[in-house]
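Working notes, beginning with the structure itself.
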Amino acid sequence: MNKVVSKHEPLKHYQWGNVCDSWNLVDNVGLSVKQEMMPGGTSEQLHYHEKSQQFFFILTGTATFEIEGKQIEVGVHEGLQVPAGEKHRIINNGKTNLEFILCSQPSISDDRINIQL
Numbered sequence: 008m009n010k011v012v013s014k015h016e017p018l019k020h021y022q023w024g025n026v027c028d029s030w031n032l033v034d035n036v037g038l039s040v041k042q043e044m045m046p047g048g049t050s051e052q053l054h055y056h057e058k059s060q061q062f063f064f065i066l067t068g069t070a071t072f073e074i075e076g077k078q079i080e081v082g083v084h085e086g087l088q089v090p091a092g093e094k095h096r097i098i099n100n101g102k103t104n105l106e107f108i109l110c111s112q113p114s115i116s117d118d119r120i121n122i123q124l
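Last residue of the sequence shown: number 124 in our numbering, and the count goes up by one each step with no gaps.
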């Protein structure tokens with residue numbers, strides 16, 4: 008069934024990290040597409056995926072990615088691929104919201120290994 012989705016009409020909405028939002032736009036075993044929002048000054052835990060590659064596309068704000076110990080800044084209308092197995096996290100060092108599209112292939116369901124710092 009074809010269904011129009013958006014962050015206002017997602018398949019599912021949930022919060023992570025207590026203040027960040029995620030809206031599932033595509034959610035199946037082979038592919039996950041989400042729109043996510045991180046308020047200023049927030050970050051996620053360093054982690055990796057054994058099977059899933061990811062692609063992040065920035066809609067608003069500037070994202071700082073920490074990937075294998077290196078930092079990469081990604082601005083509005085820019086994207087970044089993270090291959091499976093690379094330790095990474097996304098950080099919003101700005102004061103305004105960071106919004107982005109996150110595609111994971113296959114889905115990261117049961118494929119996230121957090122790294123304790």
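The C-beta atom is built at its ideal place from N, Cα and C for all residues, glycine as well.
Source: prediction; values computed, not measured.
query	result
Cut-off 6 Å between Cβ atoms - residues of its own chain near Ile108, not counting five sequence neighbours on either side	Gln42, Phe64
Minimum C-alpha distance to Gly82 - residue among Asp118, Val11, Pro113, Leu105	Leu105
For Gln61 and Ile79, the rounded distance between their alpha carbons	15 Å
Proximity winner among Glu57, Ile98, Pro113, Gln88, relative to Cys27 (alpha-carbon distances)	Ile98
Buried or exposed by the 16-neighbour rule on C-beta atoms within 10 Å, applied to Thr103	exposed
Touch test, the stretch 68 to 76 against the stretch 87 to 97, Cβ-Cβ under 8 Å, three pairs minimum	yes
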